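Residue numbers (the working numbering): 319 to 704.
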């Protein structure tokens with residue numbers, strides 16, 4: 319009997335403890351999610367919503383060629399000038415016809431279009447414009463080398479003055495910033511906050527580096543050797559493999575203010591296209607004093623019936639690589655009805671080509687493609703959010 323009384327007492331104690339724990343858990347208030355109040359992030363949060371025609375700064379601007387998609391863009395502070403970068407046409411890869419070694423920097427101001435040609439620079443993604451009293455400086459990937467018939471790879475970034483009608487033939491110009499041979503080198507600039515952003519890629523993994531712009535610009539020029547496959551586009555010209563020696567600033571000798579990596583989803587599981595950051599092709603970035611704005615996407619090849627809508631997503635990181643705003647859809651890219659009603663594209667071919675953030679305003683651009691009509695071929699579109 320004594321043992322039974324002890325067992326009953328222990329059982330009562332355990333039940334009392336469990337009830338106390340349960341009551342404590344139930345009484346504990348749920349943690350509230352931190353409310354987003356930053357106006358920049360609130361602006362980005364508008365991107366999945368329905369887009370109005372009044373938000374378009376460009377509804378289908380003709381560039382240098384209708385045969386290649388827009389690669390990068392920028393917008394002046396007063397929105398009176400739009401900048402675009404675009405590669406030359408493949409021309410069936412025939413010498414004398416192909417222009418794959420060319421990139422065009424296009425300035426559209428007050429309806430007037432002016433262009434500059436740069437040769438052998440490589441992929442023209444993520445162009446950035448730095449306006450100074452001396453003129454407008456272009457930041458563009460440079461030191462390109464051939465890969466699968468085109469100059470898709472860059473291994474440095476060059477800063478050079480925009481000259482309407484001008485041509486650069488060396489694959490680099492002005493100040494050149496080298497990343498130690500890493501490929502797909504792109505730049506974003508926030509001169510007001512003294513920031514230079516650099517990205518590189520390997521197997522889809524994107525590495526992001528943030529430097530002091532003034533420290534990067536004051537690096538000494540050193541001899542940099544770059545192995546390059548180039549030329550062969552002109553009639554009578556042979557393709558060459560050479561080691562170029564150029565004067566440039568070696569960014570690998572400068573400690574970045576911060577850096578982080580955006581990994582590619584696990585190939586074994588296939589990833590989740592609706593949730594995984596960097597599932598689609600990386601298509602550009604921008605920086606400011608607090609954030610990195612990361613764009614990815616894929617167009618539908620002009621086949622809505624077979625491939626569905628075009629896709630684009632944005633994720634906002636802080637400078638340490640923590641997600642400040644989770645991945646969100648850029649709604650206008652998939653809005654086939656709107657794009658067709660505006661006469662931009664009847665197939666929803668909308669190829670996202672970057673983002674620019676200026677204070678509480680944000681801009682995205684895309685290359686739209688029409689198979690017929692007045693706007694046949696590739697045209698540039700820019701959409702504003704605020």
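By construction, the Cβ of each residue, glycine as well, lies at the ideal position given by its N, Cα and C atoms. Treat the numbers as computed from the prediction; the structure is a model and nothing was measured.
Span of the beta strand (DSSP E), counted from its first residue to its last, around residue i
i: residue 542; result: 540 to 548
i: residue 405; result: 399 to 405
i: residue 566; result: 558 to 568
i: residue 671; result: 668 to 676
i: residue 372; result: From DSSP, residue 372 is part of no beta strand (DSSP E); its letter is neither H nor E.
i: residue 578; result: 576 to 580
C-alpha distance - residue i paired with residue j, whole-angstrom precision
i: residue 662; j: residue 603; result: 24 angstroms
i: residue 519; j: residue 633; result: 17 angstroms
i: residue 392; j: residue 678; result: 16 angstroms
i: residue 454; j: residue 588; result: 43 angstroms
i: residue 388; j: residue 361; result: 24 angstroms
i: residue 552; j: residue 411; result: 11 angstroms
i: residue 370; j: residue 463; result: 41 angstroms
i: residue 578; j: residue 494; result: 23 angstroms
i: residue 432; j: residue 619; result: 29 angstroms
i: residue 406; j: residue 506; result: 23 angstroms
i: residue 340; j: residue 364; result: Any reading at residue 340 is ruled out, since the residue's pLDDT is 45, under 50, leaving its predicted position unreliable.
i: residue 692; j: residue 384; result: 12 angstroms
i: residue 500; j: residue 521; result: 12 angstroms
i: residue 594; j: residue 525; result: 17 angstroms
i: residue 484; j: residue 591; result: 42 angstroms
i: residue 626; j: residue 687; result: 15 angstroms
i: residue 541; j: residue 529; result: 21 angstroms
i: residue 429; j: residue 386; result: 21 angstroms
i: residue 399; j: residue 513; result: 22 angstroms
i: residue 649; j: residue 580; result: 23 angstroms
i: residue 666; j: residue 438; result: 31 angstroms
i: residue 548; j: residue 420; result: 12 angstroms
i: residue 356; j: residue 446; result: 24 angstroms
i: residue 487; j: residue 527; result: 28 angstroms
i: residue 586; j: residue 596; result: 15 angstroms
i: residue 574; j: residue 354; result: 28 angstroms
i: residue 480; j: residue 402; result: 12 angstroms
i: residue 557; j: residue 474; result: 21 angstroms
i: residue 641; j: residue 610; result: 9 angstroms
i: residue 368; j: residue 657; result: 12 angstroms
i: residue 295; j: residue 516; result: Outside the displayed span of the chain (319 to 704) sits residue 295, for which this structure offers no information.
Same chain, Cβ closer than 6 angstroms to residue i, neighbours up to 5 away in sequence not counted
i: residue 441; result: 459, 470, 472
i: residue 702; result: 373, 375, 681
i: residue 725; result: Any question about residue 725 goes unanswered here, given that the chain covers just 319 to 704.
i: residue 562; result: 544, 546
i: residue 695; result: 384
i: residue 607; result: 511
i: residue 491; result: 476, 478
i: residue 504; result: 443, 444, 459, 517
i: residue 509; result: 448
Contact set for residue i: own chain, Cβ-Cβ below 7 angstroms, skip 5 residues either direction
i: residue 395; result: 676
i: residue 539; result: 565, 566, 567
i: residue 660; result: 371, 377
i: residue 560; result: 546
i: residue 670; result: 601, 613, 615, 630, 648, 651, 682, 684
i: residue 654; result: 622, 627, 666
Paired residues, beta bridge with residue i - DSSP
i: residue 434; result: 423
i: residue 598; result: Residue 598 pairs with nothing; no bridge assigned.
i: residue 456; result: 447, 478
i: residue 616; result: 629
i: residue 688; result: 695
i: residue 682; result: 673, 701
i: residue 471; result: 463
i: residue 394; result: Residue 394 is not bridged to any residue.
i: residue 605; result: 610
i: residue 587; result: The partner list for residue 587 (beta bridge, DSSP) is empty, contrary to what the question assumes.
i: residue 379; result: 698
Boundaries (first-last residue) of the alpha helix (DSSP H) holding residue i
i: residue 408; result: Run containing residue 408: none; DSSP gives neither H nor E here.
i: residue 622; result: 622 to 625
i: residue 362; result: 357 to 362
Chain-order list of residues whose beta-carbon lies under 8 angstroms from that of residue i (same chain, five-residue window excluded)
i: residue 418; result: 405, 406, 407, 408, 409, 411, 467, 468, 469, 551
i: residue 413; result: 550, 551, 552, 553, 554, 555
i: residue 638; result: 576, 578
Contiguous alpha helix (DSSP H) assignments of at least 4 residues, all confined to the region 632 to 664: Listed in chain order, the complete alpha helix (DSSP H) runs (minimum 4 residues) inside the region 632 to 664 are 654 to 659.
What are the start and end residues of each continuous beta strand (DSSP E) run of 3 or more residues lying completely inside the region 486 to 549, in chain order? 493 to 496, 501 to 508, 513 to 520, 523 to 530, 540 to 548
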